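Protein chains in written order, with our numbering: chain A, 456 to 977; chain B, 262 to 467.
We treat Cβ as the ideally placed atom computed from N, Cα and C, and that holds for glycine.
Note that the structure is a prediction, hence the values are computed from the model and not measured.
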C-alpha cells in the first residue's frame, strides 16, 4: 500500500515506482473487478482508480489519481463531500460506510449516471483510507422505470378498456391478485374485500346465466379448456352489466389445477350498441319485406283469386251435373277433390304470405333448400306471371341443407326476382324469362343465381347499387339490395353481380352448406 | 268449309282454372277443348273453327293480349271472351278495342260466363253465315260473262234497259236477254234482292 502523498509529488512518481509482489496482486485484483473500485485518502484524494472505474467514468488513471473524489460527483454532493469526510473523522459515525446507497455520479464528459455505491474503511490504518465500489445501474434503473411505466400504462389501459384481470390460487398460500379495474367493474371498493368464487356465482352472476357459467368453470377445471363465456352480472346497486369472461386454468407439476388466470371485460356498452343496431336492422329488414310485399300485392291477389275462381267453377259445374236426369257422379267426385285441393292451395298461399311478412325474431335453423325453393316458387312465380314473365327454376339435385333464417333467405331471393322482373318490363316477349338457378360450388358452398334479360346495369348505377336508399325505380325504397347484402353477409355468404350473356344482369349469392348434412351427403 | 259443331276453346295457364272450365262447359253439353298456352292453341290450328275462345288475359310467356294480336294477324274471326283478374280493367279495355267480344272478372258466376259464351257462339254463327253467304254471292258473280257483268253494274246503278242499251251500244232486246241471264245466275228473286247481294260483297272493301 502506498502512503498518502500530495498530488504534486505522487502523480509523476506512481507509474515509475517499483512494485512489490503484494502490490501487483492487489492491482490485478483491482483491475479484474467488474465494479469500479476507487481508493481515496482521508482528505478525499484519489489514490487508486481501477480499470472498470476508468471505463465507467471516462478518466484514465494518470489523469484522475491525485485529484479529489468530489470531482466524480454532481452538485450538491460535490460541495458537501469534504464535510462528510471531516464529520466521519470527528465522530466515526458512518452515514454510508458499510451501508451502500444509490447515488448519482458524474463522468469526465459531465454526464451523470445512477450508481450504486458501497464504501469501506481500510482497517487499522492511519491516516484513514477508504475503498469505494461503484456500479453503473443505468440499465437497471431504465428497466425499473420501464416496469413502473408499463404498470401504470396497463392500469390505464384496463380502465379505458373496462377490462380487469385476476389470478386466483387454488391451494397454495400465494396471494391472489385482482386488478383495480376488476373491482370497479364489479362495483366493489378497490381492495375493499375479497370476492370468493362461490360469492361471485351466488351474488353477482345473473340467475339466468348462472348454470351456464358454473358449467363453464367446471369444464375448465376438468379438461383444462380455456373458459370463454359472456353473461350478465347484477351489481349491488341494482345495475346490470354484460361481462365477457376469459380464463385459463394453470396446472402444477402434479397436473392439479394450481391457479386461474383470467380477464373480465365489461362489454355492456358494446352489447347495448349491438342490440340497438340489431333491432334497427330487424326493423329495416321487416320494413323492406313489407315493401316488397306491397309491390307484389297485385300478384298475390291474383294468386289467391285463381284457386277461388277454380273452386267456384267446380262447385257450379257440380251443381249442374247433379241436376241432370242421370248425374255423372264421377265428374262430381273429381270436382269435389279439386275443390278441396284448391282450398288448400289458397290457404298455403296465405300461410306463406303471413309467414313472410310476420315481424318475428331472426332464427337460424337447418333449412332444406328444396323446401325453401318450394315456398319461394309460389311467391316468386305469382309476381312473374303478373308481368307475363316466365320463372324458370334450375336446381341442381340433391339440394343441400343450409343453416339459415329461411324467411330472410326468401326475402333475398324474392327481392332479386322482383328486381329482375322490374328490369324486364319492356323486354320483348321471347326474352321475358327470369332464371333462378342453384349450384353446389367448391368449399362447401351453394351458389344461387337470379338472371334476367333486361337492359342490364348502367355503369354509374353499379357503383351505388348496394348503398341504402339508392334506387333506379320510381317508388323504390333503395333498401332491397342493401338489406339483401347484409342478410347474405350475416349468413357467411357473399352477394355480387355480373352481366348476363347477351343482355341483362345476374345476381349471385353464396351460402355455406350446413356441415352436418354435408357429411351425410357424401 | 264443312259444317262443324261449335266448340268452346279455353286457354289458361292455371291447371285448376282450366280444368274447372272444362267441367263446367261439359256439364252444359258444350264441346270444349283446353290449352295451357297461347302457343299451344296457335299450334293446334283451331282458329278457323266455329266456336269461341275463352282466354286468360294474364299468362307467363305469351299473354292473352299477345295471342289476340296473333289471331288478328291470321284474320281469325273467332270471338274472344277474356277472363281477367282484379285491377285488369285497362287491359280489358285494350282487349275490347282490339275486337274482343267481352270480358269477365274472376271469380265469376257460371251463368254469367255461359251467357257470354252463348252470345259469342251466336255471333260466331252469324259471322260464319254471313261469310258463307258472301262467298256464295262472289262465286255467282264470278260465273257472269264480262258483258253480263257490265249489264249488272248498270242495273245496280239504277239505269233503265233503254239507257243501258244506249250506253253499251246494244239493242234493247239484247240487254233484256243479258239481264234475264244475270237474274238467273245470281239466283235473284227480285231486282231488290239482286242489288242487296251485290252491295253485300262490294260495300266493305276487302
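- Rounded to whole angstroms, residue 881 (chain A) and residue 909 (chain A) show a C-alpha spacing of 8 Å.
- For the pair residue 682 (chain A) and residue 701 (chain A), the Cα-to-Cα distance works out to about 5 Å.
- The beta carbon of residue 284 (chain B) sits closer than 7 Å to some beta carbon of chain A.
- In this structure residue 837 (chain A) is in contact with residue 757 (chain A), their Cβ atoms being roughly 7 Å apart against a cut-off of 8 Å.
- In the three-state scheme derived from DSSP, where H, G and I count as helix and E and B as strand, residue 454 (chain B) is classed as helix.
- Shortest Cα-Cα distance from residue 653 (chain A) to any of A:629, A:642 and A:668 involves A:668.
- In terms of CA proximity to residue 896 (chain A), A:966 leads the group A:707, A:725, A:966 and A:488.
- Counting the other CB atoms within 10 Å of its CB gives residue 340 (chain B) a total of 16 or more, which places it among the buried residues.
- Think of a sphere of 8 Å around the beta carbon of residue 760 (chain A): the chain B residues whose beta carbon falls inside it are 346, 347, 367 and 368, in chain order.
- For residue 289 (chain B), the residues of chain A that pass the 8 Å Cβ criterion are 775, in the order they occur in the chain.
- Residues 621, 622, 623, 625, 675, 702, 703, 704 and 705 of the same chain have their beta carbon placed closer than 8 Å to that of residue 715 (chain A), with the five preceding and five following residues left out of the count.
- Setting aside the 5 residues that flank it on each side, residue 337 (chain B) is surrounded in the same chain by 308, each with a C-beta closer than 6 Å to its C-beta; the list follows chain order.
- In the three-state scheme derived from DSSP, where H, G and I count as helix and E and B as strand, residue 490 (chain A) is classed as coil.
- Assigned with DSSP and collapsed to three states, residue 556 (chain A) falls in strand.
- Under the Cβ criterion of 7 Å, residue 383 (chain B) is not counted among the residues facing chain A.
- DSSP places residue 914 (chain A) inside the alpha helix (DSSP H), whose first and last residues are 914-919.
- The beta carbon of residue 874 (chain A) sits no closer than 7 Å to any beta carbon of chain B.
- In summary, residue 349 (chain B) is buried, with 16 or more beta-carbon neighbours lying within 10 Å of its beta-carbon over all protein chains present.
- For residue 544 (chain A), the closest of A:519, A:806, A:582 and A:534 by C-alpha to C-alpha distance is A:582.
- Collapsing the DSSP output to three states places residue 829 (chain A) in a helix.
- Beta-bridge pairing by DSSP links residue 951 (chain A) to A:963.
- Residue 574 (chain A) sits in a strand when the DSSP states are folded into three classes.
- Distance from the CA atom of residue 900 (chain A) to the CA atom of residue 746 (chain A), rounded to whole angstroms, is 30 Å.
- Judged by their CB atoms, residue 952 (chain A) and residue 945 (chain A) are not nearer to each other than the 7 Å cut-off.
- For residue 833 (chain A), the closest Cβ of chain B is not nearer than 7 Å.
- When Cβ-Cβ separations below 7 Å define contact, residue 840 (chain A) makes contact with chain B.
- The C-alpha of residue 292 (chain B) is placed about 11 Å away from the C-alpha of residue 285 (chain B).
- According to the DSSP assignment, residue 714 (chain A) belongs to no alpha helix (DSSP H) but to the beta strand (DSSP E) extending over 712-721.
- Residue 345 (chain B) is bridged by DSSP to B:366.
- Three or more Cβ pairs closer than 8 Å define a contact, and the segment 719-735 of chain A falls short of that threshold against the segment 802-816 of chain A.
- Neighbours of residue 908 (chain A) across chain B, judged by C-beta separation under 8 Å, do not exist; the nearest C-beta is about 13 Å away.
- Checking the DSSP bridge columns, you'll see residue 380 (chain B) has no partner listed.
- Each residue's CA atom was taken as its position, placing residue 617 (chain A) and residue 602 (chain A) some 22 Å apart.
- Within chain B, the residues whose beta carbon sits less than 9 Å from that of residue 786 (chain A) are 284, 287 and 288, listed in sequence order.
- For the segment 312-325 of chain B, the set of positions with a beta-carbon nearer than 7 Å to some beta-carbon of chain A reads 319, 320, 321, 322, 323 and 324 in chain order.
- DSSP places residue 293 (chain B) inside the beta strand (DSSP E), whose first and last residues are 293-296.
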